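Asker:
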Ligand SMILES: Nc1ncnc2c1ncn2[C@@H]1O[C@H](COP(=O)(O)OP(=O)(O)O)[C@@H](O)[C@H]1O
Ligand SMILES: [Mg+2]
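In the numbering used here, the protein residues as written are 5 to 380.
Below you can see the structure in the form of structure tokens.
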């Protein structure tokens, strides 16, 4: 049919395709509409057809084709055949439509698959490019930080020599200025070291080696550092915690860094003469350290974000008093490298408590039993 289509309205089938009305033709030789079948366009009749029946194939009242049967006998088809063929045509209508829908869905699927493939490959390329740029950025930060650190160390060294009058007497005003230079140089050194840490964390090069260390002993010494730090704002510092030795799995340099970040924040965001407390809890498998301040506090919706790098609640205010927004991100990484957790509880205007946990060193079975008993 596709090779030699019958135009709509021509012949018996063409008429049924146009009108949608079934027809039985008892003697087609008497029907002027009849077009004889030809094979491959040749004019040779290949079957002496005498009668014909034709019904429309419909789907939702639309004619989508015709079903046609022919016979070499006159008056071969009855109304019974018409009913049968009509029922067959109804089923065919649904089947053809389903096949068309299926084909359309298949095409749509294919189209969708192609689009997804293109989008995925674009995304993959973008990702590779992003990784490349990220590496360039990390390398850049790392190289620049390294190159800045060396001259900063000598600036601080020479300024200290001058300020401490190691190379000759200076006036009080000169001393004051040199102290400012020293202060600012130290600030710059801290900033470079934070940048270097973040780039190490991002490139997976921050190795935190853990040993069995005595936390209590460390905290005894560390308290002097806090007292020193709180002098400027005259905060009242106190420590609360057990005095017995507690062995943890830790890296004391990194624990110093975590605490210094938390304590310097506590000081930075507190007014003069407020209280500042360091509290130690001992649990069965871990210890918890709390740095408790009476400073400005943090809104609940900021409580998680402040641990993201470069996040500052009020960046203008924070930058004016110094800070990059890296301290808590670094601390979080360091705490997690210890197998611990870090979080904050805070009330605006009343203060904040930054807490983190550290794992205790593996205990022997008998030590564990006696610990459980003491804790009961
Ligand atoms: N003790 C605190 N009290 C109030 N806000 C704090 C405190 N500690 C941290 N924050 C908030 O979290 C932000 C991120 O802290 P941090 O990562 O240490 O960066 P930085 O100190 O360089 O700003 C701070 O800018 C501040 O908005
Ligand atoms: Mg900070």
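Here a beta-carbon is modelled for each residue, glycine too, at the ideal position from N, C-alpha and C.
Note that the structure is predicted; figures quoted are calculated from it, not measured.
#1: Would you report the Cα separation of residue 206 and residue 138, rounded to the nearest angstrom?
#2: Starting from the N-terminal side, write out each stretch of the beta strand (DSSP E) that is 3 residues or longer and does not extend beyond the stretch 277 to 343.
#3: Can you name the start and end residues of the alpha helix (DSSP H) that residue 224 belongs to?
#4: Check whether the Cβ atoms of residue 360 and residue 344 lie closer than 7 Å to each other.
#5: Do you know how far the Cα of residue 123 is from the Cα of residue 48?
#6: Let me check you understand the geometry: is the CB of residue 273 closer than 6 Å to at least one non-hydrogen atom of ligand 1?
#7: Given a threshold of 16 other Cβ atoms within 10 Å of its Cβ, counted over all protein chains shown, does residue 98 qualify as buried or as exposed?
#8: What residue range is occupied by the uninterrupted beta strand (DSSP E) comprising residue 63?
#9: How many Å lie between residue 311 and residue 263 at the Cα?
#10: Between the Cα of residue 315 and those of 186, 350 and 329, spot the shortest distance and give me the residue it belongs to.
#11: By a C-beta neighbour count over all protein chains shown, 10 Å radius and 16 as the cutoff for buried, is residue 79 buried or exposed?
#12: When you compare the stretch 195 to 203 with the stretch 216 to 225, are there three or more beta-carbon pairs, one atom per stretch, that lie closer than 8 Å?
#13: Residues in the same chain with beta-carbon distance under 6 Å from residue 306, minus the five sequence neighbours each way, listed in chain order, please.
#14: Please state whether DSSP places residue 47 in a helix, a strand or coil.
#15: Across the stretch 270 to 286 and the stretch 236 to 245, are there enough close Cβ pairs to call them in contact, namely three or more that are closer than 8 Å?
#16: According to the Cβ coordinates, are residue 73 and residue 61 closer than 7 Å?
#17: Identify, in the order they occur along the chain, each residue of the same chain with its Cβ nearer than 8 Å to the Cβ of residue 15, setting aside the five sequence neighbours on each side.
#18: Can residue 331 be considered in contact with ligand 1, in the sense that its beta carbon sits closer than 6 Å to one or more heavy atoms?
#19: Counting pairs of Cβ atoms below 8 Å between the stretch 222 to 235 and the stretch 180 to 187, do you hit three or more?
#20: Just to confirm, does residue 233 get its C-beta within under 6 Å of one of the non-hydrogen atoms of ligand 1?
#21: How many angstroms separate the CA atom of residue 325 from the CA atom of residue 187?
#22: Cα separation between residue 18 and residue 68?
#23: Would residue 241 and residue 293 qualify as a contact pair, given that the criterion is a beta-carbon distance under 7 Å?
#24: Using 7 Å as the threshold, is the C-beta distance between residue 350 and residue 296 below it?
#25: Measuring alpha carbon to alpha carbon, tell me which residue in 113, 118 and 59 is nearest residue 95.
#26: Between which two residues does the beta strand (DSSP E) carrying residue 66 extend?
#27: Can we count residue 327 as close to ligand 2, meaning its CB is less than 6 Å from some heavy atom?
Answerer: In short, the structure shows the following:
#1: Along the chain shown, one-based indexing puts residue 206 at 202. Along the chain shown, one-based indexing puts residue 138 at 134. Roughly 9 Å separates the two Cα atoms.
#2: Correct list: 279 to 286 and 290 to 297.
#3: Taking the first residue of the chain shown as 1, we reach residue 224 at position 220. Here the alpha helix (DSSP H) through residue 224 covers 219 to 234.
#4: Position 356 of the chain shown holds residue 360. Position 340 of the chain shown holds residue 344. Yes.
#5: Residue numbering aside, residue 48 sits at position 44 when the chain shown is read from its first letter. Residue numbering aside, residue 123 sits at position 119 when the chain shown is read from its first letter. For residue 48, the predicted model reports a pLDDT of 47, less than 50, meaning its position is unreliable; a value from the coordinates is still stated below. Approximately 57 Å, taken between the alpha carbons.
#6: Reading the chain shown from its first residue, position 269 is the one you call residue 273. Yes; taking the cut-off as 6 Å, the Cβ of residue 273 has a heavy atom of ligand 1 nearer than that.
#7: The residue labelled residue 98 in the question sits at position 94 within the chain shown. Exposed is the call here.
#8: The sequence position of residue 63 within the chain shown is 59, counting from 1. Residues 55 to 63.
#9: For this step, residue 311 is matched to residue 307 along the chain shown. For this step, residue 263 is matched to residue 259 along the chain shown. Answer to the nearest angstrom: the Cα atoms are 15 Å apart.
#10: Taking the first residue of the chain shown as 1, we reach residue 315 at position 311. Considering only alpha carbons, the answer is 329.
#11: Here residue 79 is taken as the residue at index 75 of the chain shown, counted from 1. Exposed, since its Cβ has fewer than 16 Cβ neighbours within 10 Å.
#12: no
#13: In the chain shown, the residue the question calls residue 306 occupies position 302. So the list reads 317, once near-sequence residues are dropped.
#14: As a working note, residue 47 is residue 43 in the chain shown. The predicted model places residue 47 with a pLDDT of 45, which falls under 50 and marks its position as unreliable; any figure quoted below should be read in that light. Coil, per DSSP.
#15: yes
#16: Looking up residue 73 in the chain shown gives position 69. Looking up residue 61 in the chain shown gives position 57. The answer is no: Cβ separation not under 7 Å.
#17: As a position in the chain shown, residue 15 is number 11, starting the count at 1. So the list reads 37, 38 and 39, once near-sequence residues are dropped.
#18: The count along the chain shown starts at 1 and reaches residue 331 at position 327. Yes, the Cβ of residue 331 comes within 6 Å of a heavy atom of ligand 1.
#19: no
#20: Here the question's residue 233 lines up with position 229 in the chain shown. Not under cutoff, so the answer is no.
#21: The count along the chain shown starts at 1 and reaches residue 325 at position 321. The count along the chain shown starts at 1 and reaches residue 187 at position 183. Looking at the two C-alpha atoms, the distance is approximately 13 Å.
#22: Position 14 of the chain shown, counting from 1, holds the residue named residue 18. Position 64 of the chain shown, counting from 1, holds the residue named residue 68. One Cα belongs to residue 18, the other to residue 68, and the distance between them is close to 12 Å.
#23: In the chain shown, residue 241 corresponds to position 237, counting from 1. In the chain shown, residue 293 corresponds to position 289, counting from 1. No. Outside cutoff.
#24: Translated into positions along the chain shown, residue 350 becomes position 346. Translated into positions along the chain shown, residue 296 becomes position 292. No, the Cβ-Cβ distance between residue 350 and residue 296 is not below 7 Å.
#25: Stepping through the chain shown from its first residue, residue 95 is reached at position 91. The shortest C-alpha separation from residue 95 is found at 59.
#26: Numbered from 1 along the chain shown, position 62 holds the residue referred to as residue 66. First-last of the beta strand (DSSP E) with residue 66: 66 to 75.
#27: Residue numbering aside, residue 327 sits at position 323 when the chain shown is read from its first letter. Flag set: Cβ of residue 327 near ligand 2.
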